[in-house]
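Chemist: Residue numbers (full-length UniProt numbering): 1 to 102. C-beta: ideal position from N, C-alpha, C; glycine also. Treat the numbers as computed from the prediction; the structure is a model and nothing was measured. The structure is given below, and queries will be raised subsequently.
So this is what it looks like as structure tokens:
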């Protein structure tokens, strides 16, 4: 059975704990990369990561986007959105549909 995890700064991800989702507060690119790699090895099927944390490790994010498991989903932090996640969704919709319907 796969689990769900959230990676990001403490203030942004703490509310997910109330939903029963495993939270992993990180600081800096090295800790973020290590945490993402660990979750991928430890049977996490979905990993939410804040856009600010994902911005620190773009090469790791790109590597996991090509994998089926885990599904890495970018979410805004409590500081707001950088529109990285929305841009990726728009790209995927354009690939699937052939045009931007959003």
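Which of the three DSSP states is assigned to residue 74 in this structure?
Modeler: strand
Chemist: Using the Cβ count rule (16 or more neighbours within 10 Å means buried), how would you classify residue 69?
Modeler: exposed
Chemist: List, from N- to C-terminal side, the alpha helix (DSSP H) runs of 4 residues or more that fit wholly inside the region 16-59.
Modeler: 29-41, 51-56
Chemist: Relative to the C-alpha of residue 38, which candidate in 27, 58, 7 has its C-alpha closest?
Modeler: 7
Chemist: Within its chain, find whatever has a CB closer than 8 Å to the CB of residue 26; leave out the 5 residues flanking it on each side and keep chain order.
Modeler: 7, 8, 9, 32, 35, 53
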